[in-house]
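Participant:
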């Protein structure tokens, strides 16, 4: 019964909505702090905890099983319930990024990402397109509105992303303001010009880039990433704060992993926003987990920074 309850809560993650985010007022933009002491900012919709994992051996299922067993043991020691998924399927998708030759997007904290799902060896006819403004402060993440203009269902998310800090057992936060389009035809994503991208995301006009400036895949077409993602299970930090946990492996090609990411995340809503103890439990778990997996962790900031070859 408890597992069914957790599944129901986590099923809401992938649901789409058509519409707009709440208009951010000038007063809200001036504040980078939650409206109430020790409470999450009311604009945050998701919390995502991410640890970069050394790539060595991550293309072997036995290595993933070893990491999963360590996670189970750590949860038992930490008093965090973990509902392990024994028969989860591994998802495959292509991941790549678009930018101008001068990297105008990156230099303005913008990320334009495309994900193409794969069924066995075949690429789907539809892809996911995400425009995000990701910055070191919540205010800066609101500098651009990623909301699309096209008649397309979109998920609008303002994420608090928790990353490892400068040392083991530490954390730092970045904020990501996202618009996610789930069903864009692969053959008509962009016509490779700034004008076509502005047609999707009109607020990019603020960049002041000429319409004919080319948009291309960061690092070239050979820099496309093959991502394998395996759900590991669900972590329970509180009655209404339950996170799904997964391991993602980025590869140049099959058998050539370049980085891994162990992550857990949960939605933030009016039901759980004020559950301070549960959020703090998740924070503590993230820091302590690093101390339990020191030999597994890789240096760096984000997977995207690895593709650009520049820190984020």
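In full-length UniProt numbering, the protein residues as written are 1 to 312.
Note that beta-carbon positions come from the ideal geometry of N, C-alpha and C, so glycine has one too.
Helix or strand or just coil, what does DSSP make of residue 307?
Facilitator: Translated into positions along the chain shown, residue 307 becomes position 307. Reduced to three states, the DSSP call for residue 307 is helix.
Participant: Are the stretch 175-190 and the stretch 139-150 in contact at 8 Å, needing three or more beta carbon pairs?
Facilitator: With the cut-off at 8 Å, the stretch 175-190 and the stretch 139-150 touch.
Participant: Do residue 92 and residue 318 have their beta-carbon atoms positioned less than 9 Å apart in this structure?
Facilitator: Here the chain covers residues 1 to 312 and nothing more, so residue 318 does not appear.
Participant: Using the C-alpha atoms, what's the distance from residue 199 back to residue 79?
Facilitator: Here the question's residue 79 lines up with position 79 in the chain shown. Here the question's residue 199 lines up with position 199 in the chain shown. For residue 79 and residue 199, the distance between alpha carbons rounds to 49 Å.
Participant: By a C-beta neighbour count over all protein chains shown, 10 Å radius and 16 as the cutoff for buried, is residue 125 buried or exposed?
Facilitator: Within the chain shown, the letter at position 125 stands for residue 125. With fewer than 16 Cβ atoms within 10 Å of its Cβ, residue 125 is classed as exposed.
Participant: Apart from the five residues on each side of it in sequence, which residues of its chain come closer than 7 Å, Cβ to Cβ, to residue 174?
Facilitator: As a first step, residue 174 must be located in the chain shown, where it is residue number 174. Only 134, 135, 136, 161, 163 meet the Cβ criterion.
Participant: Hey, residue 49 and residue 243: beta-carbon distance below 9 Å or not?
Facilitator: Taking the chain shown and counting its residues from 1, the one referred to as residue 49 is at position 49. Taking the chain shown and counting its residues from 1, the one referred to as residue 243 is at position 243. Contact flag set, yes.
Participant: Taking Cβ positions, are residue 226 and residue 267 nearer each other than 9 Å?
Facilitator: Locating residue 226 in the chain shown gives position 226, counting from the first residue. Locating residue 267 in the chain shown gives position 267, counting from the first residue. No; because the gap between Cβ atoms is not below 9 Å, this pair is not in contact.
Participant: Go ahead and label residue 185 buried or exposed: buried means 16 or more other beta carbons lie within 10 angstroms of its beta carbon, across all protein chains shown.
Facilitator: Here residue 185 corresponds to residue number 185 of the chain shown, with the count starting at 1. It is exposed - the Cβ of residue 185 has fewer than 16 other Cβ atoms within 10 Å.
Participant: Please name the residue, chosen from 113, 172, 311, 248, that lies closest to residue 287 on a Cα-to-Cα basis.
Facilitator: As a first step, residue 287 is located in the chain shown; it is residue number 287 there, counting from the start. Of 113, 172, 311, 248, the residue nearest in Cα terms is 172.
Participant: Provide the residue(s) that pair with residue 241 in DSSP beta bridges, ordered along the chain.
Facilitator: By one-based count along the chain shown, residue 241 stands at place 241. 238.
Participant: Since I believe residue 247 is in contact with residue 317 (beta carbons under 8 Å), could you give me their beta-carbon distance rounded to a whole number of angstroms?
Facilitator: A question about residue 317 goes unanswered here, because the residues of the chain that appear run from 1 up to 312.
Participant: Based on Cα-Cα distance, which residue from 203, 188, 158, 212 lies nearest to residue 194?
Facilitator: Looking up residue 194 in the chain shown gives position 194. Of the candidates 203, 188, 158, 212, the one whose C-alpha sits nearest the C-alpha of residue 194 is 212.
Participant: Which of the three DSSP states, helix, strand or coil, is assigned to residue 39?
Facilitator: In the chain shown, the residue the question calls residue 39 occupies position 39. Coil, per DSSP.
Participant: May I have the straight-line CA-CA distance separating residue 169 from residue 139, to the nearest angstrom?
Facilitator: Translated into positions along the chain shown, residue 169 becomes position 169. Translated into positions along the chain shown, residue 139 becomes position 139. Their Cα atoms are separated by approximately 26 Å.
Participant: What residue range is occupied by the uninterrupted alpha helix (DSSP H) comprising residue 318?
Facilitator: The question about residue 318 has no answer here: the residues shown for the chain are numbered 1 through 312.
Participant: Closest by CA to residue 223, which one among 299, 275, 95?
Facilitator: Counting from one through the chain shown, the residue named residue 223 turns up at place 223. It is 95 whose Cα lies nearest to the Cα of residue 223.
Participant: Could you give the first and the last residue of the continuous beta strand (DSSP E) run that contains residue 314?
Facilitator: In the structure as shown, the chain starts at 1 and stops at 312, and residue 314 therefore has no counterpart that could be examined.
Participant: Looking at the unbroken beta strand (DSSP E) that takes in residue 200, where does it start and where does it end?
Facilitator: Taking the first residue of the chain shown as 1, we reach residue 200 at position 200. Careful: residue 200 lies outside any beta strand (DSSP E), inside the alpha helix (DSSP H) at 194-200.
Participant: Closest by CA to residue 235, which one among 291, 73, 255, 53?
Facilitator: Numbered from its first residue, the chain shown carries residue 235 at position 235. Residue 73 is the option with its Cα nearest to residue 235.
Participant: Could you tell me the boundaries of the alpha helix (DSSP H) in which residue 99 lies?
Facilitator: For the purposes of this step, residue 99 is taken as residue 99 along the chain shown, with counting starting at 1. Careful: residue 99 lies outside any alpha helix (DSSP H), inside the beta strand (DSSP E) at 91-99.
Participant: Residue 309: which of 219, 232, 260, 201 sits nearest, CA to CA?
Facilitator: Taking the first residue of the chain shown as 1, we reach residue 309 at position 309. Among 219, 232, 260, 201, the Cα nearest to that of residue 309 belongs to 219.
Participant: Could you pull the DSSP bridge partners for residue 313 from this structure?
Facilitator: Any question about residue 313 goes unanswered here, given that the chain covers just 1 to 312.
Participant: Residue 250 bridges to which residues according to DSSP?
Facilitator: Numbered from 1 along the chain shown, position 250 holds the residue referred to as residue 250. Note: residue 250 sits in a beta bridge opposite 227, 259.
Participant: Would you please state the rounded distance, in angstroms, between the beta carbons of residue 241 and residue 275? I believe it to be under 8 Å.
Facilitator: In the chain shown, the residue the question calls residue 241 occupies position 241. In the chain shown, the residue the question calls residue 275 occupies position 275. 5 Å between Cβ atoms; contact.
Participant: Can you name the start and end residues of the beta strand (DSSP E) that residue 132 belongs to?
Facilitator: Numbered from 1 along the chain shown, position 132 holds the residue referred to as residue 132. Per DSSP, residue 132 belongs to the beta strand (DSSP E) from 122-135.
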